[in-house]
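Engineer:
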Amino acid sequence: MSTPQADYFRLRTEWLRFKSQLFDGMTGLPALPAVLEDIRRMVEDRGFADVIYIDLGRSGGHETQLGWAAYDQAVREFARLLVSLKDTGVLGPPDIVCVDTVRSDRFLLFLGEGEPEEAGRTPVGRRERVVGSLRELIDLTPPGSVLRTLRLAAGHARVEKVPDVRTERAIQQAVSGARLMSLVEREGGEVVRRDELSKMIFQGGVRTAFHPIIRLRDREVIGHEALTRPLAGGSFDSVEELFAFAESSELMMEFERMCRRTAIRAAREVPDLGLLFL
Numbered sequence: 007m008s009t010p011q012a013d014y015f016r017l018r019t020e021w022l023r024f025k026s027q028l029f030d031g032m033t034g035l036p037a038l039p040a041v042l043e044d045i046r047r048m049v050e051d052r053g054f055a056d057v058i059y060i061d062l063g064r065s066g067g068h069e070t071q072l073g074w075a076a077y078d079q080a081v082r083e084f085a086r087l088l089v090s091l092k093d094t095g096v097l098g099p100p101d102i103v104c105v106d107t108v109r110s111d112r113f114l115l116f117l118g119e120g121e122p123e124e125a126g127r128t129p130v131g132r133r134e135r136v137v138g139s140l141r142e143l144i145d146l147t148p149p150g151s152v153l154r155t156l157r158l159a160a161g162h163a164r165v166e167k168v169p170d171v172r173t174e175r176a177i178q179q180a181v182s183g184a185r186l187m188s189l190v191e192r193e194g195g196e197v198v199r200r201d202e203l204s205k206m207i208f209q210g211g212v213r214t215a216f217h218p219i220i221r222l223r224d225r226e227v228i229g230h231e232a233l234t235r236p237l238a239g240g241s242f243d244s245v246e247e248l249f250a251f252a253e254s255s256e257l258m259m260e261f262e263r264m265c266r267r268t269a270i271r272a273a274r275e276v277p278d279l280g281l282l283f284l
């Protein structure tokens, strides 16, 4: 015979199970199905909503390289940066931030009209503003942050209120369109970066910075560590991103050889070099 206490725990278990399918405990963000009704109201009240799709999983196999625990931490940190855009005014209070599914590394933003200056702004313009702001925040993270190795693949679409189309399906179609655009952007960007990496290898497109190594006992400089830096003007935003991309390609061995050759040549110009750490 069922008791009130047993019924309570049964219902609570069911509620927690359904909640875990709608809210991502890792990022603290809702999944798309949990906010679908809010998005529908946004579209019907304002006449449209812009969708921005951001995929972290296309950054060159980072989860495989880092391990899932470290990659989870990167996803959590990115979600925090994404939500912080509401504090800076890049996102407005009514704008919706969610994940595609629970425990995923794909994020969705649904933007209404926002501030007066946003009225009439094209979806691509709004996407570039959001992605540009995210990159600026990532640049402010510590030098060793895993966020610096991520390359954001983003797409956009617009959901418009159409009397003959159910709004929920229009939302799903817009999400699919934005996802497809992110795939196309990523593939095109991969080709460009691969070509640039090949040119770096054969033309020596990096420079070397030398960091002194100091013996703590007597504070004597015993040598220098050679640090590779990309030349300005390339498509790689940071040295971490450059090495992450090289590691994900079959060009890593040739790239490392080129970095060592460049360092050895540059070392001739360093007075009192001491030991050289490559």
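Residue numbers (our numbering): 7 to 284. A virtual CB, placed ideally from N, CA and C, is assigned to each residue, including glycine.
Out of 160, 252, 147, 201, point me to the one whose CA is closest to residue 132's CA.
Structural biologist: 160
Engineer: Counting C-beta neighbours from all protein chains within 10 Å, is the total for residue 126 16 or more, i.e. buried, or is it exposed?
Structural biologist: Because the pLDDT of residue 126 is 47, which lies under 50, any placement of that residue in the model is unreliable, and the question is left without a value.
Engineer: Report back the beta-carbon spacing between residue 284 and residue 232 to the nearest angstrom; my notes put them in contact at under 8 Å.
Structural biologist: Indeed, because the Cβ distance is near 5 Å, the residues count as touching under 8 Å.
Engineer: Which one of 225, 269, 167, 249 has the shortest CA to CA distance from residue 203?
Structural biologist: 249
Engineer: What three-state label does DSSP hand residue 107 in the structure shown?
Structural biologist: coil
Engineer: Starting from residue 271, follow the alpha helix (DSSP H) in both directions and report where the run begins and ends.
Structural biologist: 258-273
Engineer: Indicate the three-state DSSP secondary structure (helix, strand or coil) for residue 234 in the structure shown.
Structural biologist: strand
Engineer: How big is the Cα-Cα spacing for residue 244 and residue 169?
Structural biologist: Spanning the two alpha carbons is a distance of roughly 47 Å.
Engineer: Among residues of its own chain, excluding the 5 on either side of residue 45, which ones have a beta-carbon nearer than 7 Å to its beta-carbon?
Structural biologist: 55, 102, 116, 177
Engineer: Going by the beta-carbon positions, is the gap between residue 96 and residue 154 smaller than 8 Å?
Structural biologist: Contact: no.
Engineer: What is the residue span of the beta strand (DSSP E) that residue 213 lies within?
Structural biologist: 212-221
Engineer: Would you mind giving the Cβ-Cβ distance between residue 109 and residue 32, rounded to the nearest angstrom? I have them listed as a contact below 8 Å.
Structural biologist: 6 Å
Engineer: Got a sec? Which residues, its chain only, sit under 7 Å from residue 71 by beta carbon, not counting five neighbours each side?
Structural biologist: 253
Engineer: Considering just the uninterrupted stretch of the alpha helix (DSSP H) at residue 52, what are its terminal residues?
Structural biologist: 38-52
Engineer: Tell me which same chain residues have a C-beta within less than 8 Å of the C-beta of residue 121, skipping the five on either side of it?
Structural biologist: No answer about residue 121 holds up, because its pLDDT of 48 lies below 50 and its placement is not dependable.
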